[in-house]
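Trainee: Sharing a structure with you now.
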Amino acid sequence: MFKLFKKDLILFFHDQRSVILTFLLPVVLITLFAFAYGSLGGYDGRSEPVKLLVTDLDQSRSSKEIIYKIDSLKDIKTIISDSTNAKDLVIKGKYACALIIFKGFQDSLETGNSTPVEMVYDRSREMEIGILQQNLISTLMSLKGDIIVKKRIEKYLKSKFPFIDKSTGDDILKNTFIKDKNRPEIRWTPIVGMKNNTKLGLIQAVAGTSILMLLFSVAGVGSSILEEKENGTIHRLLYSPLKGSAILYGKMLFAFFISILQLTAMFLFAWLIFNMDLSINFPALILMIIATAFAVSSLGILLAALAKTRQQALNISTIIILIMSAIGGSMIPLFIMPAILQKIAFLSLNYWAIQGFYDIFWRVLPLEEILPKIALLISIGIVMTLASVQLFKKRIIKL
Amino acid sequence: MITVRSVSKSFGKIEAVRDVSFKINRGEIFGILGPNGAGKSTIVNILNTLIKPDTGDVIIDGINIRDDCDTIKLIMGVVPQEIALYEELSAFENMMFWGGLYNIPKHELRVKVNNTLGIVDLAKRKDDRIKTFSGGMKRRINIACSLLHNPRILVLDEPTVGVDPQNRNHIFEVIERLHNEGMTIIYTTHYMEEAERFCDEIAIIDVGHIIALGTLKELRKISDTKDLLTIKLESFNPEIISCIRSAIPSVRADSITRTLEIDCDNISNDISIMTNHIQTAGGVIERIYTRGTNLESIYLKLTGKELRD
Numbered sequence: 004m005f006k007l008f009k010k011d012l013i014l015f016f017h018d019q020r021s022v023i024l025t026f027l028l029p030v031v032l033i034t035l036f037a038f039a040y041g042s043l044g045g046y047d048g049r050s051e052p053v054k055l056l057v058t059d060l061d062q063s064r065s066s067k068e069i070i071y072k073i074d075s076l077k078d079i080k081t082i083i084s085d086s087t088n089a090k091d092l093v094i095k096g097k098y099a100c101a102l103i104i105f106k107g108f109q110d111s112l113e114t115g116n117s118t119p120v121e122m123v124y125d126r127s128r129e130m131e132i133g134i135l136q137q138n139l140i141s142t143l144m145s146l147k148g149d150i151i152v153k154k155r156i157e158k159y160l161k162s163k164f165p166f167i168d169k170s171t172g173d174d175i176l177k178n179t180f181i182k183d184k185n186r187p188e189i190r191w192t193p194i195v196g197m198k199n200n201t202k203l204g205l206i207q208a209v210a211g212t213s214i215l216m217l218l219f220s221v222a223g224v225g226s227s228i229l230e231e232k233e234n235g236t237i238h239r240l241l242y243s244p245l246k247g248s249a250i251l252y253g254k255m256l257f258a259f260f261i262s263i264l265q266l267t268a269m270f271l272f273a274w275l276i277f278n279m280d281l282s283i284n285f286p287a288l289i290l291m292i293i294a295t296a297f298a299v300s301s302l303g304i305l306l307a308a309l310a311k312t313r314q315q316a317l318n319i320s321t322i323i324i325l326i327m328s329a330i331g332g333s334m335i336p337l338f339i340m341p342a343i344l345q346k347i348a349f350l351s352l353n354y355w356a357i358q359g360f361y362d363i364f365w366r367v368l369p370l371e372e373i374l375p376k377i378a379l380l381i382s383i384g385i386v387m388t389l390a391s392v393q394l395f396k397k398r399i400i401k402l
Numbered sequence: 026m027i028t029v030r031s032v033s034k035s036f037g038k039i040e041a042v043r044d045v046s047f048k049i050n051r052g053e054i055f056g057i058l059g060p061n062g063a064g065k066s067t068i069v070n071i072l073n074t075l076i077k078p079d080t081g082d083v084i085i086d087g088i089n090i091r092d093d094c095d096t097i098k099l100i101m102g103v104v105p106q107e108i109a110l111y112e113e114l115s116a117f118e119n120m121m122f123w124g125g126l127y128n129i130p131k132h133e134l135r136v137k138v139n140n141t142l143g144i145v146d147l148a149k150r151k152d153d154r155i156k157t158f159s160g161g162m163k164r165r166i167n168i169a170c171s172l173l174h175n176p177r178i179l180v181l182d183e184p185t186v187g188v189d190p191q192n193r194n195h196i197f198e199v200i201e202r203l204h205n206e207g208m209t210i211i212y213t214t215h216y217m218e219e220a221e222r223f224c225d226e227i228a229i230i231d232v233g234h235i236i237a238l239g240t241l242k243e244l245r246k247i248s249d250t251k252d253l254l255t256i257k258l259e260s261f262n263p264e265i266i267s268c269i270r271s272a273i274p275s276v277r278a279d280s281i282t283r284t285l286e287i288d289c290d291n292i293s294n295d296i297s298i299m300t301n302h303i304q305t306a307g308g309v310i311e312r313i314y315t316r317g318t319n320l321e322s323i324y325l326k327l328t329g330k331e332l333r334d
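Protein chains in written order, with this note's numbering: chain F, 4 to 402; chain A, 26 to 334.
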């Protein structure tokens, strides 16, 4: 078994393409995804503020005050434009949205009528819109919320109780509307991802990409069994005193070793280049790498055992790996996926591995909280190994 | 050395080997001859313990293959039909790997690899990767890899398929050398001339069954094949032909090719008889052809089909 492992290792390092695909390509992808997910910029989750087109048709003191306040927010950068041009720029995809403050904005605030403000936006850019929506509502309410509410109460009193004297009206307003005490206050405290400096995007990029590339690597190792069958070396191995099962275990050992090597290399790369803190829970990280490598390498061998030819193995592997990676969060972070996909994600091996790495680096959970995921990955690996042994006996070494 | 008794093997409904029996003596080269799909590889795989026979027994060096596969694997060396080597490894690395499977101590194996590379005349290319070798050179390394554990029996499964004449001669030299050293060799082929050249005994197999077994001389006797004498005439005159036929009734005549054919027991004697009769009848001989009995004609006679089809 160890002789086969050693031979496969020599073959692997003789084949430059395999080495590049195993180590260099994941490194490139991790770098790209790390930039894409924004972990390298100064913002948590984004690399630069959302640009907002603003058209001020009112040109009043209130409208200018609001624009100034919005522009002072760190997440938003305002760009002044006229209304026709602003809509055109949104339609052409240059900006996600435009805020148009129509004439009469100041008057509506004073009279308690509905404020003539419109947001035109591109529905495809939901993330940017969400950020703007949250910021704009809170800005508008903090600046003009008091006036709006006060004017509305005055208006209501006048319409329902037209004969009420001014001092009673003022008294009602004074007692029902006490500035800064009407608004319910919610204190926002982040409790996840605060214990370390590693960005969520970087964790996603490293874990997601590594597992995706790992699956492709082990699928290649698995299909090498079929290559050995096709070129006759597997028969020659069987002519020797070697047992059939030793051939399979040799391949599994090699796939497992390459998986550990690849995962370790990816995390070391993230540590060296992106300053990812690997020491946060070192024992958990080692166990997670071992469990992931075992589960993934078992899957690679199983995929090979399912196929009849090398080409078939590569086709089956590509389809299964892409589906698993898509639903499991390797390609797109799970938290931005639709709810239905998030529910079926647990069917994917990628999901358990990525969530395990999230537990270590983002949630900073203790080892005992991560152990169930590690145990699950090992269990998946054991089941797939047993299935591979049976299929291998039936299909690969059958003469 | 090897006794195969009433061995049969089926794969589903296909009867790959049917009631096969033969004996191979120590130091003998035993040829298994038959077309593709005849069952040669199945017999080889049964001898190698890779396939268990449904019925019958195989005794190798006193060991029944059903009882002790591991010892049989150490006794035998198999040169597979495919070039079962790792293209990305060098000749030396390949041989170290294949030899290493037999648990030969590393220093000892290294010496054996170097010696065997010398036997197959590839010592100078030992550090080159197999992918840079010609087909014939790969075949020689393919053989070399099976010799490292000093097997007492060597199975060569079509070792010269797709090999150029020069490399084929190299392979023949290796086989002859091993034979001279006393190794028992089982040689499967569909090249008649190879079987004729090497084999002390030949089993002709067709559709999983041995249809003839023996030395070339015995096979000739079994098949009742004779040498063939063909005489081409300058002109084909029916009167001359009838005159010759009256003297030798078994002669076959072909007016299109202007030839006369006869099967001979003693070809040199029959040539002089035929030429005398032709000249007496007034015929003029253009050319004389002879074809001795060979394995191909025996096979053709026994099976009624061309072997290389």
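Glycine included, every Cβ here is placed at the ideal spot set by N, Cα and C.
If you're wondering where the values come from, they're calculated on a predicted model, not measured in any experiment.
1. Would Asp18(F) pass as an interface residue toward chain A - the criterion being a Cβ-Cβ separation below 8 Å?
2. Keeping to the same chain, check which residues put their C-beta closer than 7 Å to that of Val386(F); ignore five residues upstream and five downstream.
3. Under a three-way DSSP split, which group does Leu285(A) fall into?
4. Excluding the 5 residues flanking Lys48(A) on each side, which residues of the same chain have their C-beta closer than 6 Å to its C-beta?
5. What is the DSSP secondary structure of Leu43(F), reduced to helix, strand or coil?
6. For the stretch 78–105 of chain A, which residues have a CB atom closer than 7 Å to at least one CB atom of chain F, in sequence order?
7. Going by the CB atoms, is the gap between Ile200(A) and Ile210(A) shorter than 8 Å?
8. Using a Cβ distance threshold of 8 Å, determine whether the stretch 312–323 of chain F contacts the stretch 219–227 of chain F, with at least three qualifying pairs required.
9. Chain F beta carbons: is any one of them nearer than 8 Å to that of Leu320(A)?
10. So is Ser243(F) buried or exposed if we call it buried at 16+ other beta carbons inside 10 Å?
11. Is it right to say Leu142(A) is buried, meaning 16 or more other beta carbons lie within 10 angstroms of its own, or is it exposed?
12. Helix, strand or coil for Gly303(F) per DSSP?
13. Less than 8 Å between the beta carbons of Ala294(F) and Leu352(F), yes or no?
14. Please determine, among Thr312(F), Arg128(F), Gly332(F), Ser170(F), the residue with the shortest C-alpha to C-alpha distance to Val209(F).
15. To which residues does DSSP link Gly124(A) through a beta bridge?
16. Hey, quick one: how far does the beta strand (DSSP E) through Phe15(F) stretch, first residue to last?
17. Rounding to the nearest angstrom, what Cα-Cα distance links Tyr46(F) and Leu241(F) in this structure?
18. Could you check which residue in Asp152(A), Ile168(A), Ile247(A), Glu133(A) has the C-alpha nearest to that of Val186(A)?
19. Where Ile298(A) and Ile292(A) are concerned, what is the direct C-alpha to C-alpha distance, given to the nearest angstrom?
20. By the three-class DSSP mapping on this structure, what secondary structure does Met279(F) have?
21. Using C-beta distances below 6 Å, list every residue in its chain close to Tyr127(A), excluding the 5 sequence neighbours before and after it, in chain order.
22. Does Ala109(A) get closer than 8 Å to chain F when you measure Cβ to Cβ?
23. Compile a chain-ordered list of the residues in the stretch 228–240 of chain F whose CB is closer than 8 Å to at least one CB of chain A.
24. With the cut-off set at 8 Å, would you say Ile292(F) and Thr312(F) are in Cβ contact?
25. Relative to the C-alpha of Ala2(F), which candidate in Gln358(F), Ser226(F), Ile156(F) has its C-alpha closest?
26. Does any residue of chain A have a CB that is nearer than 8 Å to the CB of Ser243(F)?
27. Taking Cβ-Cβ distances shorter than 7 Å, what residues in chain F pair up with Glu113(A)?
28. Using 8 Å as the limit for Cβ to Cβ distance, is Met118(A) near chain F?
Mentor: So, to answer that:
1. yes
2. none
3. strand
4. Thr28
5. Unreliable placement is indicated for Leu43(F), whose pLDDT of 39 sits below 50; the coordinate value is still reported in the next sentence. Residue state, collapsed to three classes: coil.
6. Asp95, Lys98, Leu99, Val103, Pro105
7. In contact: Ile210(A) and Ile200(A) (Cβ atoms closer than 8 Å).
8. With the cut-off at 8 Å, the stretch 312–323 of chain F and the stretch 219–227 of chain F touch.
9. no
10. buried
11. buried
12. helix
13. It is not a contact, given that the beta carbons lie outside the stated cut-off.
14. The candidate whose alpha carbon is nearest that of Val209(F) is Gly332(F).
15. In the DSSP output, where bridge partners are listed per residue, Gly124(A) has none listed.
16. Premise fails: Phe15(F) lies in the alpha helix (DSSP H), 5–17, not in any beta strand (DSSP E).
17. Below a pLDDT of 50, predicted positions are generally treated as unreliable, and Tyr46(F), at 43, falls in that range; no measurement from the model is reported.
18. Ile168(A)
19. 10 Å
20. Coil at Met279(F), not helix or strand.
21. So the qualifying residues of the chain are His174.
22. yes
23. Going along the stretch 228–240 of chain F in chain order, one finds Asn234, Gly235, Thr236, His238, Arg239, Leu240 with a Cβ nearer than 8 Å to chain A.
24. no
25. Since the first residue shown for chain F is 4 and the last is 402, residue 2(F) is missing from the structure and cannot be characterised.
26. yes
27. Leu14, His17, Asp18
28. Note on identity: in this sequence residue 118(A) is Glu, with Met being the wrong assignment. Yes, because at least one Cβ of chain F sits closer than 8 Å to the Cβ of Glu118(A).
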